[in-house]
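A.B. asks: Can you keep this structure in mind? I'll have questions shortly.
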Amino acid sequence: MLYPSTIISAPSVLLVDVPVPLRGDGLGLGRYYAMILETSHEQAEAERLLNLPRPGPVAPDFFDHRPSALVSDNVLISRYEPPTTGWPWLIVCRWPDSYVSLVQDIPGCSMARGRYTTEMFTTADDAEAHSVLLLEQLAGHGELAVRMISAETLAPAGTA
Numbered sequence: 138m139l140y141p142s143t144i145i146s147a148p149s150v151l152l153v154d155v156p157v158p159l160r161g162d163g164l165g166l167g168r169y170y171a172m173i174l175e176t177s178h179e180q181a182e183a184e185r186l187l188n189l190p191r192p193g194p195v196a197p198d199f200f201d202h203r204p205s206a207l208v209s210d211n212v213l214i215s216r217y218e219p220p221t222t223g224w225p226w227l228i229v230c231r232w233p234d235s236y237v238s239l240v241q242d243i244p245g246c247s248m249a250r251g252r253y254t255t256e257m258f259t260t261a262d263d264a265e266a267h268s269v270l271l272l273e274q275l276a277g278h279g280e281l282a283v284r285m286i287s288a289e290t291l292a293p294a295g296t297a
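By our numbering, the letter at position 135 of the sequence shown is numbered 272, and the numbering carries on one by one without gaps.
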């Protein structure tokens, strides 16, 4: 299931619902694998790779070890609503260099592309509570400036 980016600086996420026999604790909500896609080219590449015939199951970690091409000095927290009923809410964080080592030291935390963390939630309320907790934790590391961006707050296409 594709969770498209709502702003140019945030990635799209291709969420794979892993077959039941292969599910486990290392997956989001015990069943989902998130692929962080930064460009439309990567999206097409991911879809092509997932559709290749294989002799058996293969981990879809094609992009996990590829370095991020997006650069920022700021933490970007992106909230993705489920594209359709039955899929989870996502909170994807892109961490700048100054935070990567802090995040990597958290037990059980893994980073895709050396920069992203992904959390999944079954309800909007749980995703919101996690976002608030995350902001509180970030505030403990210094002054925090927050700017909320959503599709509704962006200017319509063709305006500046």
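From the three backbone atoms N, C-alpha and C, an ideal C-beta is built for every residue, glycine too.
Here the structure is a predicted model, which means the values were calculated and not measured.
Measuring alpha carbon to alpha carbon, tell me which of R168, L152 and V150 ends up nearest D158.
C.D. replies: Note that residue 158 is Pro in the sequence shown here, rather than Asp. Measuring from the Cα of P158, the nearest candidate turns out to be R168.
A.B. asks: Which parts of the stretch 141 to 184 are runs of the beta strand (DSSP E), unbroken and 3 residues or longer, counting only runs that do not cross its ends?
C.D. replies: Segments of the beta strand (DSSP E) lying fully in the stretch 141 to 184: 149 to 154 and 169 to 174.
A.B. asks: Would A183 be called buried (16 or more neighbouring beta carbons within 10 Å of its own) or exposed?
C.D. replies: Counting Cβ neighbours within 10 Å, A183 comes out buried, since at least 16 surround it.
A.B. asks: Excluding the five sequence neighbours on either side, which residues of its own chain have a C-beta within less than 7 Å of the C-beta of Y140, listed in chain order?
C.D. replies: Contacts found: S149, V150, L152, Y217, P220 and L227.
A.B. asks: Mind reading off the beta-carbon distance from A206 to E175? Whole number of angstroms is fine, and I expect it under 8 Å.
C.D. replies: Indeed they touch by this definition, with Cβ atoms about 5 Å apart.
A.B. asks: Determine the closest residue to R203 out of R284, V240 and I173, with distance taken between C-alpha atoms.
C.D. replies: The shortest C-alpha separation from R203 is found at I173.
A.B. asks: With a cut-off of 8 Å on the beta carbons, I'd call D201 and A249 a contact; round off their distance for me.
C.D. replies: Right, the Cβ-Cβ distance comes to about 5 Å (below 8 Å), so this counts as a contact.
A.B. asks: Taking just the CA atoms, how far does L187 sit from L213?
C.D. replies: Their Cα atoms are separated by approximately 28 Å.
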